[in-house]
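What follows is a short report on a single structure.
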Amino acid sequence: MAAEVVVVGSCMTDLVSLTTQLPRAGETILGHKFFIGFGGKGANQCVQSARLGAKTSLICKVGKDSFGNDYVENLKKNGISTAFIGQTTDAATGTASVIVNSEGQNVIVIVPGANLLLNFEDLKRASDVICKARVVVCQLEITPAVSLEALKMARASGVKTLFNAAPALADLDPQFYTHSDIFCCNETEAEILTGIPVGNLEDAEKVGCMLLERGCKLVIVTLGAEGCMMISVEEPIPKHVPAGKVRAVDTTGAGDSFVGALAFYLAYYPKLPMEEMIRKSNCIASVSVQASGTQSSYPYRKDLPQDLF
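Residue numbers (my numbering): 41 to 349.
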């Protein structure tokens, strides 16, 4: 069965410590809980899409190690096609060491490992699934040139492209803008891309206009608890799409929940107005911040209000 949502991206094993506060440089603090979870922007987005009911395929690379084996099993359990997941002996599965404080804020150190070995040959092998998808999703936790090539392959076949510029690069290849139907970043990433600090909605609007000028068709700047700002070539007046108020327990992976949900709506509800897709994706991401962990906090379709579907 062809996948409707194809994600080209990263798999990371999350090593998570829960603490009351984040440590300062040189400080040792006591944590109260540790767990190992599944993360990585690519896999996270794919898992959220799959849990909403999307037929998904993930194109990624993990190590031939216990973390890698466990990851492949995790994806299968989530109903994701693992046909294009490579396992390599040349690098370990990527890891993310995450520290989360009692307010749900986090600091993260990423060691990409096998993620950086995903290459053009891997894309070529998966070209059929990329070119037959409804939506192709990419980020920047793999080699940027590989992400760009995936976007180009999708575009050449008339497939909608959703690009999440995370983690952001100050010298991002300008072709990323022109090959993204939807370009999505958060406030921090927006600042790295444009040099403009995003402290409020007005700043987000400025940044959105700048990114549009670089060739994107539609720009979404996610603003955490404040929701999102959207602006497009068709609707060049910026729009604020607020998020519902919830008590955040752990915000890790909330942006990926949003992107995965958006990919689902783009694939299965293409006639829905973009503002409505964003509003619904905000709702889903706001559920994810109310539980700890990354993928473990992502809701399933059956647990969500039916008016989201």
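Quick reminder that beta carbons are idealized off the backbone N, C-alpha and C, glycines included. Just so we're clear, the structure is a prediction, and the values are computed from it rather than from any experiment.
Neighbourhood of residue i by C-beta, 6 Å cutoff - its chain only, sequence neighbours within 5 removed
i, result
"residue 329", "288, 291 and 294"
"residue 234", "247 and 250"
"residue 326", "283, 284 and 286"
"residue 79", "52, 54, 136 and 334"
Where the beta strand (DSSP E) containing residue i begins and where it ends
i, result
"residue 139", "134–140"
"residue 226", "222–226"
"residue 167", "Counting along the chain, residue 167 falls outside any beta strand (DSSP E), though it belongs to the alpha helix (DSSP H) covering 167–171."
"residue 281", "279–281"
"residue 148", "146–151"
"residue 284", "Residue 284 -> no beta strand (DSSP E), and no H or E assigned at all."
"residue 126", "125–128"
Neighbourhood of residue i by C-beta, 7 Å cutoff - its chain only, sequence neighbours within 5 removed
i, result
"residue 159", "186"
Where residue i sits in the DSSP three-state scheme
i, result
"residue 88", "helix"
"residue 332", "coil"
"residue 346", "helix"
"residue 306", "helix"
"residue 50", "coil"
"residue 180", "coil"
"residue 164", "helix"
"residue 95", "coil"
"residue 238", "coil"
"residue 260", "strand"
"residue 103", "strand"
"residue 233", "helix"
Endpoints, alpha helix (DSSP H) assigned at residue i
i, result
"residue 359", "Past the edges of the chain, shown from 41 to 349, lies residue 359, and the structure says nothing about it."
"residue 273", "Note, residue 273: premise wrong, no alpha helix (DSSP H); not H, not E."
"residue 106", "106–117"
Contacting residues, own chain, Cβ-Cβ under 8 Å from residue i (five flanking each side not counted)
i, result
"residue 119", "90 and 96"
"residue 175", "44, 45, 46, 199, 200, 201, 202, 303, 306 and 307"
"residue 183", "156, 158 and 159"
"residue 282", "266, 267 and 322"
"residue 309", "317"
"residue 279", "269, 270, 271 and 315"
8 Å Cβ cutoff, residue i in contact with chain C
i, result
"residue 122", "Note that chain C does not occur in the displayed structure, where there is just one protein chain."
Any chance the stretch 226–233 sits against the stretch 198–210, with 3 or more Cβ pairs inside 8 Å?
The stretch 226–233 is in contact with the stretch 198–210.
Secondary structure, alpha helix (DSSP H): runs of 4+ residues fully inside the stretch 185–217
You should have found no qualifying run.
Quick check on the DSSP output: what are the complete alpha helix (DSSP H) runs of length 4 or more inside the stretch 58–87, in order along the chain?
If we require 4 residues or more, the stretch 58–87 turns out to have no alpha helix (DSSP H) run fully inside it.
Is the stretch 61–71 touching the stretch 150–166 in the sense that three or more CB pairs, one from each, lie closer than 8 Å?
By the criterion of at least three beta-carbon pairs nearer than 8 Å, the stretch 150–166 is not in contact with the stretch 61–71.
Three or more C-beta pairs below 8 Å linking the stretch 50–57 and the stretch 261–274
Contact fails: fewer than three Cβ-Cβ distances are below 8 Å.
Counting pairs of Cβ atoms below 8 Å between the stretch 123–140 and the stretch 97–108, do you hit three or more?
Yes, since at least three Cβ pairs between the stretch 123–140 and the stretch 97–108 fall closer than 8 Å, the two stretches touch.
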